[in-house]
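Asks: I have a structure here, written as structure tokens, and I will follow up with some questions on it.
Residue numbers (this note's numbering): 2 to 575.
Spelled out as structure tokens, the structure:
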């Protein structure tokens, strides 16, 4: 049996250790890979610890089918979904981990091109295998895959395969969904005049259905948690934590924050509280620009959440559709570097009809390299074309729609800055799948499962950092603010921290497009501690800046957030 499943997932000639969860490893740095793979110490070396965990799980699974106690153990294995999922996980991931480790050792002294070809082949093979595993196990793995799909540090092969997880997650059978709703709320027919059996959206722990209330006739969205979501969460988290402890121990704090946020998502009452609090905070100020759905608290529980229905397509789905319909290609373009050089030499005026002929080439280049520059997936550049042509926003094209696009974009950035610095509670996952194009430049903001609350101390520290970056303060001042947030580096260099802060929250400059600039920067220093609070704020900035650049707006998130950051500082301690 062991030989059979290893043979099924035998890799092609490859190289490095599982880059899906070691985004910081690059082929030119074998010394780092070795230290992470074979780090010693009082505890079991990570590679042995993971191998032991994998073998213990598989041994238990194998024991379930042989020996005197086979029947009882088999019943246990099939009756415990957490255990069964661990077996399935390591049967696929185990060969991947060992193959990457072996290839890393094999190519330790190979030249850069040979290494690149080796692990590119491995990425191509295991990205497909990993997607199959994610779709089989679902649960937390889907959320992990979604995060990987939008990360600029994950190999392109994985991002390409995992992109399907953003919108096309298979839904659960309706009978199971109906059972959950009726267990939580009561008979379906008594509460709803209509209840669509087809899901309008499916995610890692639940799916949503459009329905009509029997009492008022209002159209609503009913978000329902999968029956087994809570039970399998711990098993999934254990597997991923073990894998990350091998591949990149420095990433464990980030995973712990990710894990904590996912645990909160399992209780829809927390999302209800987040949604209500954010609705009350932002709608009085931003109601003319954004919409947050109202929640029906009497029809919401820990496993069911009933919300106001917001009409309109998701931005991400609309981008994909428009890309196909417009027949856009991403290989005929000028360089983004040339575009930014022109932008820096000109005033920051909105695009006009005169430069329509320049618009498409720029977008095409962004589709190819934008993900590596600003952390946004290649498909996102189409949002500019979608809205500018009226495909999602209902505009007539030309200057008017470009102005609407600019207003819409700035509203998105501004409202999240308000959430972070003024309200202290923000949506940490504003990706295009959570944005509804409602028309007339108005955007619907949905899905508040991943919300982050900033306490007063960290909020003020991050606000100070934003002000320093926005004001283009000297490296020493920016670095000092960065340290007050809690960031630590190996050498404590001011220039390194100053440049990193501008890279994370400022505009994309020409020099940032040069790989050599990044290599030289990371030769001078490296981060050793990155606080979870800043991690979530940076995630929001990364997504919003990516959308901005995709819409031909090379914005500084720090500058757009500055008024709200300054307000947080002016308010003083609570």
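Think of the CB as a built atom: it goes at the ideal place given N, C-alpha and C, for glycine as much as any other residue.
Out of curiosity, what's the CA-to-CA distance linking residue 563 and residue 467?
Replies: Residue 563 sits at position 562 when you count from the first residue of the chain shown. Residue 467 sits at position 466 when you count from the first residue of the chain shown. Cα to Cα, the separation comes out at about 6 Å.
Asks: Going by DSSP in three states, residue 334 sits in which element: helix, strand or coil?
Replies: Counted from its first residue, the chain shown places residue 334 at position 333. The predicted position of residue 334 is uncertain, since its pLDDT is 35 and thus under 50; a value taken from the coordinates is nonetheless stated next. Reduced to three states, the DSSP call for residue 334 is coil.
Asks: Can the beta-carbon of residue 123 be found closer than 7 Å to that of residue 147?
Replies: In the chain shown, residue 123 corresponds to position 122, counting from 1. In the chain shown, residue 147 corresponds to position 146, counting from 1. Result no, Cβ atoms of residue 123 and residue 147 do not sit closer than 7 Å.
Asks: So within the segment 396-456, which uninterrupted beta strand (DSSP E) runs reach at least 3 residues, ignoring any that extend past its ends?
Replies: Counting whole runs of 3 or more residues, the segment 396-456 contains the beta strand (DSSP E) stretches 426-428, 436-440, 443-446, 452-454.
Asks: Once you ignore the five residues that flank residue 196 on each side, which residues in its own chain have a CB closer than 7 Å to its CB?
Replies: Locating residue 196 in the chain shown gives position 195, where the first residue counts as 1. Cβ within range, chain order: 189, 210, 212.
Asks: What residues match up with residue 195 in a beta bridge as DSSP calls it?
Replies: Within the chain shown, numbered from 1, the residue matching residue 195 stands at position 194. Bridge partners of residue 195: 213.
Asks: Using the Cβ count rule (16 or more neighbours within 10 Å means buried), how would you classify residue 430?
Replies: As a working note, residue 430 is residue 429 in the chain shown. Its Cβ being crowded by 16 or more others within 10 Å, residue 430 is buried.
Asks: Can you grab the Cα-Cα spacing for the pair residue 80 / residue 86, in whole Å?
Replies: Position 79 of the chain shown, counting from 1, holds the residue named residue 80. Position 85 of the chain shown, counting from 1, holds the residue named residue 86. Below a pLDDT of 50, predicted positions are generally treated as unreliable, and residue 80, at 47, falls in that range; the measurement from the model is reported next regardless. The straight-line gap from Cα to Cα measures roughly 11 Å.
Asks: I need the straight-line Cα distance from residue 135 to residue 463, nearest angstrom please.
Replies: Here residue 135 refers to the residue found at position 134 when the chain shown is read from its first residue. Here residue 463 refers to the residue found at position 462 when the chain shown is read from its first residue. Roughly 35 Å separates the two Cα atoms.
Asks: Which ranges would you report for the alpha helix (DSSP H) in the segment 93-145 if only whole runs of at least 4 residues count?
Replies: Qualifying alpha helix (DSSP H) stretches, in chain order: 113-138.
Asks: Quick check: the Cα distance between residue 127 and residue 216, rounded to an integer number of angstroms?
Replies: As a first step, residue 127 must be located in the chain shown, where it is residue number 126. As a first step, residue 216 must be located in the chain shown, where it is residue number 215. C-alpha separation (whole angstroms): 51 Å.
Asks: Do we get a CB-CB distance below 7 Å when we pair residue 458 with the residues of chain C?
Replies: Absent from the structure is chain C; it holds one protein chain and no more.
Asks: Going by alpha carbons, who is nearest to residue 145 out of 313, 509, 310, 257?
Replies: By 1-based counting over the chain shown, the position of residue 145 is 144. It is 257 whose Cα lies nearest to the Cα of residue 145.
Asks: Which of the three DSSP states, helix, strand or coil, is assigned to residue 203?
Replies: For the purposes of this step, residue 203 is taken as residue 202 along the chain shown, with counting starting at 1. It is a strand residue.
Asks: By the three-class DSSP mapping on this structure, what secondary structure does residue 530 have?
Replies: Residue numbering aside, residue 530 sits at position 529 when the chain shown is read from its first letter. Strand, per DSSP.
Asks: Quick check on this structure: which residue in 90, 506, 533, 174 has the alpha carbon closest to the alpha carbon of residue 137?
Replies: In the chain shown, residue 137 corresponds to position 136, counting from 1. It is 90.
Asks: Are the beta-carbon atoms belonging to residue 150 and residue 163 less than 7 Å from one another?
Replies: The residue given as residue 150 occupies position 149 in the chain shown. The residue given as residue 163 occupies position 162 in the chain shown. Going by C-beta atoms, residue 150 is nearer than 7 Å to residue 163.
Asks: For the segment 473-492 and the segment 425-444, state whether three or more C-beta atom pairs, one from each stretch, are separated by less than 8 Å.
Replies: Too few Cβ pairs lie closer than 8 Å, so no.
Asks: Kindly indicate the opening and closing residues of the alpha helix (DSSP H) around residue 286.
Replies: Here the question's residue 286 lines up with position 285 in the chain shown. Looking at the DSSP string, the run of the alpha helix (DSSP H) that includes residue 286 is 269-287.
Asks: Whole angstroms is fine: what's the gap from residue 473's alpha carbon to residue 505's?
Replies: Counted from its first residue, the chain shown places residue 473 at position 472. Counted from its first residue, the chain shown places residue 505 at position 504. Approximately 13 Å, taken between the alpha carbons.
Asks: Can you tell me which of the three DSSP states residue 554 falls into?
Replies: Along the chain shown, one-based indexing puts residue 554 at 553. It is coil, neither helix nor strand.
Asks: My assumption, with CB atoms under 8 Å, is that residue 1 sits in contact with residue 224. Please give the rounded CB distance.
Replies: This structure cannot speak to residue 1, because the chain is shown only from 2 to 575.
Asks: In chain order, what residues of the same chain lie with their CB nearer than 6 Å to the CB of residue 297, ignoring the 5 residues before and after it?
Replies: Counted from its first residue, the chain shown places residue 297 at position 296. Here the set comprises 307.
Asks: Out of curiosity, what's the CA-to-CA distance linking residue 300 and residue 222?
Replies: Mapped onto the chain shown, residue 300 falls at position 299. Mapped onto the chain shown, residue 222 falls at position 221. Cα to Cα, residue 300 sits roughly 11 Å from residue 222.
Asks: With DSSP run on the structure shown, which of helix, strand or coil describes residue 88?
Replies: The residue given as residue 88 occupies position 87 in the chain shown. Correct three-state label for residue 88: helix.
Asks: Using 8 Å for Cβ pairs, my map puts residue 84 next to residue 141. What's the rounded Cβ distance?
Replies: Start at 1 with the first residue of the chain shown, and residue 84 comes out as number 83. Start at 1 with the first residue of the chain shown, and residue 141 comes out as number 140. Contact flag wrong, Cβ pair sits at about 15 Å.
Asks: Taking the alpha-carbon positions, what's the residue 157 to residue 125 distance?
Replies: Position 156 of the chain shown, counted from the start, is the residue given in the question as residue 157. Position 124 of the chain shown, counted from the start, is the residue given in the question as residue 125. Rounded to whole angstroms, residue 157 to residue 125 spans 9 Å at the Cα level.
Asks: Report back the beta-carbon spacing between residue 293 and residue 276 to the nearest angstrom; my notes put them in contact at under 8 Å.
Replies: Position 292 of the chain shown, counted from the start, is the residue given in the question as residue 293. Position 275 of the chain shown, counted from the start, is the residue given in the question as residue 276. Residue 293 to residue 276, Cβ: 7 Å. Contact.
Asks: Count Cβ pairs between the segment 490-505 and the segment 408-415 that sit closer than 8 Å; are there 3 or more?
Replies: Short answer: they don't touch.
Asks: Give me the Cα-Cα distance between residue 1 and residue 502, rounded to the nearest whole angstrom.
Replies: Residue 1 lies beyond the stretch modelled for the chain, which goes from 2 to 575, so this question has no answer here.
Asks: Output the boundary residues of the beta strand (DSSP E) element that contains residue 308.
Replies: Taking the chain shown and counting its residues from 1, one reaches residue 308 at position 307. Residue 308 -> beta strand (DSSP E) spans 305-309.
Asks: Taking residue 182 as part of the alpha helix (DSSP H), name the residues at either end of that continuous run.
Replies: In the chain shown, the residue the question calls residue 182 occupies position 181. Element bounds for residue 182: 175-185.
Asks: For residue 286 and residue 571, I'd like the C-alpha separation in whole angstroms.
Replies: Your numbering for residue 286 matches position 285 in the chain shown. Your numbering for residue 571 matches position 570 in the chain shown. So the two alpha carbons sit approximately 19 Å from each other.
Asks: Jot down the residue ranges of each uninterrupted alpha helix (DSSP H) in the segment 467-523, minimum 4 residues, whole runs only, in chain order.
Replies: Entirely contained in the segment 467-523, the alpha helix (DSSP H) runs reaching 4 residues are, in chain order, 476-486, 495-506.
Asks: If you count every other CB in all the chains shown that lies within 10 Å of the CB of residue 100, and 16 or more means buried, which is it?
Replies: Residue 100 sits at position 99 when you count from the first residue of the chain shown. The residue is buried, with at least 16 neighbouring Cβ atoms inside 10 Å.
Asks: Would residue 460 and residue 542 be called neighbours here (beta carbons separated by less than 7 Å)?
Replies: Mapped onto the chain shown, residue 460 falls at position 459. Mapped onto the chain shown, residue 542 falls at position 541. Result no, Cβ atoms of residue 460 and residue 542 do not sit closer than 7 Å.
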